[in-house]
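Chains as they are written, first to last, in this note's numbering: chain V, 117 to 381; chain L, 73 to 138. Think of the CB as a built atom: it goes at the ideal place given N, C-alpha and C, for glycine as much as any other residue. The structure under discussion appears below in the form of C-alpha cells.
What follows is the structure, given as C-alpha cells:
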C-alpha cells in the first residue's frame, strides 16, 4: 500500500543531535517470534527501536540477543532501563547499555509501582541528573505531569516522554490536555510513550502536536502485528498531518455545510 | 574455584581472565557487556582482569523490550 501523505511539509525530528524522518518509534518486546518482529519493525517505518538490557542465559549460550535479528546500521537502537525501581539501578543499566557500544542515548525508566508501572518521578529526576552529567542523551519516560516534565527538561534531558496511559494497557491517550500542555511548554522534543492501543490512539496522540510516539505492545500483541505496524505508521503520519493542517474550531451547535439560500418554496 | 555469574554459583578455572571465562561459556565478547564486582570492564580490558574466588560477574546483552 502506498500513500500520498509523504508529500506533507514537515521538519524531521531531531533528538540529542540525531535526526530522524519517522516520528514513530517501536519496541521489540512480546512478539510471537523474531521473524514477525523484524517484519513489523519494517512495516512501521520506525528508525528508533527500543531494546532492554538483561542477563545472558548461560545455559543456552547459543540463544541470540535481539541484535542477531536487527541491523544496528539500519536502525537506531534505544536501550531502556525497564524494570528498574531505583535511580541507582537505572543508572547501572544505562551504563551497561552504553558499554554495548552503539550510542549514548537511553530511554530512562524508573518505575515506582508494580501494578500500574507508573514512574517514580523523584528517582527519575535523580537518575536523569546523574546520566546527563555522564554525557548520556536521556529520553525520560514520565507521567503526564507538566512540572515533572519541566524539571526533566531543566535537568538536561534530550527528550521527555509522557505516557498516554500505563505501559501495555492499550487504553489510549487518557489526558490529551496535559500532554498538549507539556508540548506547549517544553523546548525539547516530547515523545508520547506507552498506552496506545490501536491506530486511532496514535492518530489522536499525534494530533496534540507532540513530536513523536513510541509503542510496543499495541503492535506486538495485535492479532496481526505486521498489519498493525503498517496501520500505526499511517496513523502517526495522519495525526501529524492533521496537526500541521490545523483542525477546525469546535462548535456546540450545527453549522450547515450546504447553502441555506436557494431552497425551493 | 567458585564465582557467581548472573546470580548463579559456577565453577571456573582458577586464574582465568574474564576473556577466558567468556570463551569457556562460549560467549562472543563483542556480544556481551561484562560487569565484574559491580564495575564495568571494557572489552579491550577483558584479557587483563583475572577472576578470583567469590567474584560476582554479570554478563548482559540486549533483548526485546519497549
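- Look at residue 225 of chain V here: in three-state DSSP terms it is coil, with no helix or strand label.
- At the C-beta level, residue 287 of chain V and residue 311 of chain V come within 7 Å of one another.
- Annotated as distal: residue 203 of chain V and residue 237 of chain V, with beta-carbon spacing of 7 Å or more.
- Counting every other CB atom within 10 Å of its CB across the protein chains shown gives residue 163 of chain V a total of 16 or more, marking it as buried.
- Under a criterion of Cβ atoms nearer than 8 Å, the residues of chain L adjacent to residue 167 of chain V are, in order, 134, 135, 136 and 137.
- DSSP, read as helix, strand or coil, puts residue 322 of chain V in helix.
- Here residue 153 of chain V carries a helix assignment [DSSP, helix/strand/coil].
- Look at residue 91 of chain L: its C-beta is not under 7 Å from any C-beta on chain V.
- Per DSSP, the unbroken beta strand (DSSP E) holding residue 257 of chain V starts and ends at 253-258.
- Residues of chain L whose Cβ lies closer than 7 Å to the Cβ of residue 198 of chain V are, in chain order, 137 and 138.
- Ranked by Cα distance from residue 153 of chain V, the options V:334, V:381 and V:369 are led by V:334.
- Here residue 348 of chain V is near residue 318 of chain V, since their CB atoms are less than 7 Å apart.
- Contact with chain V is found for residue 131 of chain L, since one of that chain's Cβ atoms lies less than 7 Å from the residue's Cβ.
- For residue 358 of chain V, same chain residues with a beta-carbon under 7 Å away, outside a window of 5 residues either side, are 323 in chain order.
- Membership of residue 235 of chain V in any alpha helix (DSSP H) is not indicated, and neither H nor E is assigned to it by DSSP.
- Looking at the DSSP output, residue 303 of chain V sits in no beta bridge, so it has no partner there.
- According to the DSSP assignment, residue 77 of chain L belongs to the beta strand (DSSP E) that extends over 74-77.
- Proximity of chain V to residue 104 of chain L at the Cβ level (cut-off 7 Å) is accounted for by 172, in chain order.
- Taking the Cα positions, residue 111 of chain L is about 32 Å away from residue 231 of chain V.
- Residue range 128-136 is occupied by the beta strand (DSSP E) that includes residue 130 of chain L, with no alpha helix (DSSP H) assigned at that position.
- The Cβ-Cβ distance between residue 263 of chain V and residue 306 of chain V does not fall below 7 Å.
- Non-local C-beta neighbours of residue 125 of chain V in its own chain, meaning closer than 8 Å and more than five positions away in sequence, comprise 360, ordered along the chain.
- In the DSSP assignment, residue 111 of chain L forms a beta bridge with L:108.
- Cβ contact annotation for residue 332 of chain V (same chain, cutoff 6 Å, sequence separation greater than five): 143 and 145, in chain order.
- A straight line joining the alpha-carbon of residue 196 of chain V with that of residue 186 of chain V spans about 16 Å.
- According to DSSP, residue pairing for residue 130 of chain V in a beta bridge involves V:135.
- The beta-carbon of residue 143 of chain V is placed less than 7 Å from the nearest beta-carbon of chain L.
- Secondary structure at residue 329 of chain V: strand, using DSSP grouped into helix, strand and coil.
- The Cβ atoms of residue 223 of chain V and residue 166 of chain V sit closer than 7 Å to each other.
- Around the C-beta of residue 362 of chain V, fewer than 16 other C-beta atoms lie within 10 Å, and the residue is accordingly described as exposed.
- Setting aside the 5 residues that flank it on each side, residue 116 of chain L has no residue in the same chain whose C-beta is closer than 6 Å to its C-beta.
- What residue 329 of chain V touches in chain L, judged by beta-carbon distance under 8 Å, is nothing: the nearest beta carbon there is about 12 Å away.
- The criterion of a C-beta distance shorter than 7 Å is satisfied by residue 118 of chain L and residue 90 of chain L.
- The C-beta separation of residue 302 of chain V from residue 269 of chain V comes to about 5 Å, placing the pair in contact by the 8 Å criterion.
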